[in-house]
Amino acid sequence: NNLKKYFPICSGVFSRVTGAVKAVDDISFTIKKGEIYGLVGESGCGKSTTGRTILNLLKPTYGSVVFNGKLIFDVEKKQYLDHKEMRSLRRDMQIIFQDPGTCLDPRMNVGTIVSEGLVEHGIAKRKEAINMSRELLELCGLRGECVTKYPHEFSGGQRQRIAIARALTLAPKFIIGDEPLAALDVSIQAQVLTLMQDLKENLGLTYLFISHDLGVVKYFCDRIGVMYLGSIAEQASSESLFANPLHPYTKSLLSAVPKSNPKEKKERIILKGDVPSPANPPKGCKFHTRCPHAMPVCKETVPQMKTIETDHDVCCHLY
Ligand code: SF4
Ligand code: MG
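Counting from 9, one number per residue, gives the positions in the sequence shown under the UniProt record's numbering.
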């Protein structure tokens, strides 16, 4: 609720704070149990920062997060979980990062990487934990024997499977995938996506799926939030968003997705200019500097989120 994450900009010899990068700027959304919620937008729009702030990996500037009925933090009320409570909640919430090549320790064998959490949380002793990690690796489509191997002995897709197995060790309920497919070849992406879908069904998981690839979120996600410059511009069920995009920004993004039928007529909407700096976002509607439909009111007044139809909200003065 009303989540904000600002990074201070410091300059001068005394490193005085002279401004802030508004990476996440007042966003609210709900992810239902068992759902896959997609967060999409261009790079730098605040998707990853949102994911990390939800998990309390980054200190929030403002707002609150509730997980499964439990308040993780509320900045205004100065309520935060203490270290111990946060640690136990960590087991329920995990994150998978974009590049499995850099987030797996190259000096550890796969068994140690996957079983680390079990040992650290005192769930199993090392040997038993390694056996449990065999099962997890098999669940993720790898061979149990690979526990003795090292990350460099695997392909990118296999490394992402290892990272997924590691995320599953503590039997989480909620997983954030921060562009987990972005570093993989297209054919491998489909395999990893299928794996994530199967795991979700079999283990009853809930996902926040962060991606810049609309083609992927269309098929994978139940609901989608479109982010622009730290804000959510539009939020809808996947069906509704693709059938009837409302926000001019969403329309331009969708017009860039290739159609499966090349005969289908489609007009590409090319936006003018670049994404403005999040250190100095435009006044009023943040999209007005690039919007083909901008009106005088857009330069002055911040549009509020409005529900247009069931499960379809948009933040734009046109509605
Ligand atoms: Fe465009 Fe105005 Fe809507 Fe912003 S509020 S997206 S500038 S029409
Ligand atoms: Mg990112």
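We treat Cβ as the ideally placed atom computed from N, Cα and C, and that holds for glycine. The structure presented is a predicted model; accordingly, all values stated were derived computationally and were not measured.
DSSP links R24 through a beta bridge to S19. Residue pairing by DSSP puts D186 in a beta bridge opposite I218. Secondary structure within the stretch 227 to 278: the beta strand (DSSP E) runs of 3 or more consecutive residues, fully enclosed, are 231 to 236 and 239 to 245 (chain order).
When Cβ pairs closer than 8 Å are counted between the two stretches, the stretch 60 to 71 is seen not to touch the stretch 246 to 262, the count staying below three. Distance from the C-beta of E50 to the nearest heavy atom of ligand 2 is not below 7 Å.
A straight-line Cα-Cα distance of about 33 Å links V48 and L126. Take the alpha-carbon of V21 and the one of G27: they are about 15 Å apart. In the DSSP annotation of this structure, the continuous segment of the alpha helix (DSSP H) that includes T58 starts and ends at K55 to I62.
Counting C-beta atoms within 10 angstroms of its own C-beta, S239 has 16 or more neighbours from the protein chains shown and is therefore classed as buried. When the five nearest sequence neighbours on each side are left out, the beta carbons in the same chain lying within less than 6 Å of the beta carbon of A302 are those of H296, in order along the chain. Taking 8 Å as the upper bound for CB-CB distance, K181 and N76 are in contact here, some 7 Å apart.
Excluding residues up to 5 positions away in sequence, C154, V155, K157 and I170 lie with their Cβ nearer than 6 Å to the Cβ of V118 in the same chain. CA-to-CA, the gap between V310 and C293 works out to about 5 Å. C-alpha of H91 to C-alpha of I103: approximately 19 Å in a straight line. Counting along the chain, D193 sits inside no alpha helix (DSSP H), nor does DSSP assign it H or E at all. The C-beta separation of S123 from S96 comes to about 19 Å, leaving the pair out of contact by the 8 Å criterion.
Pairing L63 with T57 gives a Cβ-Cβ distance that is not under 8 Å. D186 has its Cβ nearer than 7 Å to a heavy atom of ligand 2. Residue environment for C306: buried (at least 16 other C-beta atoms within 10 angstroms of its C-beta). For L126, the uninterrupted alpha helix (DSSP H) segment begins and ends at V118 to E128.
Rounded to the nearest whole angstrom, the C-alpha separation of I316 and R231 is 15 Å. In this structure, DSSP gives D82 an extended state, which the three-state scheme calls strand. The beta-carbon distance between R167 and G223, rounded to whole angstroms, is 23 Å. This is too long to meet the 8 Å contact definition. Taking 7 Å as the cut-off, one finds at least one heavy atom of ligand 2 near enough to the beta carbon of K55. DSSP places M313 in no beta strand (DSSP E); its state is neither H nor E. In this structure, P304 has its CB at a distance of at least 7 Å from all heavy atoms of ligand 1.
Under the criterion of beta carbons closer than 8 Å, L176 and L144 qualify as touching, at roughly 6 Å. L79 and K271 have their C-alpha atoms roughly 51 Å apart. Residue pairing by DSSP puts F75 in a beta bridge opposite K78.
Nearest in C-alpha terms to G59, of all of M235, C148 and D319, is M235.
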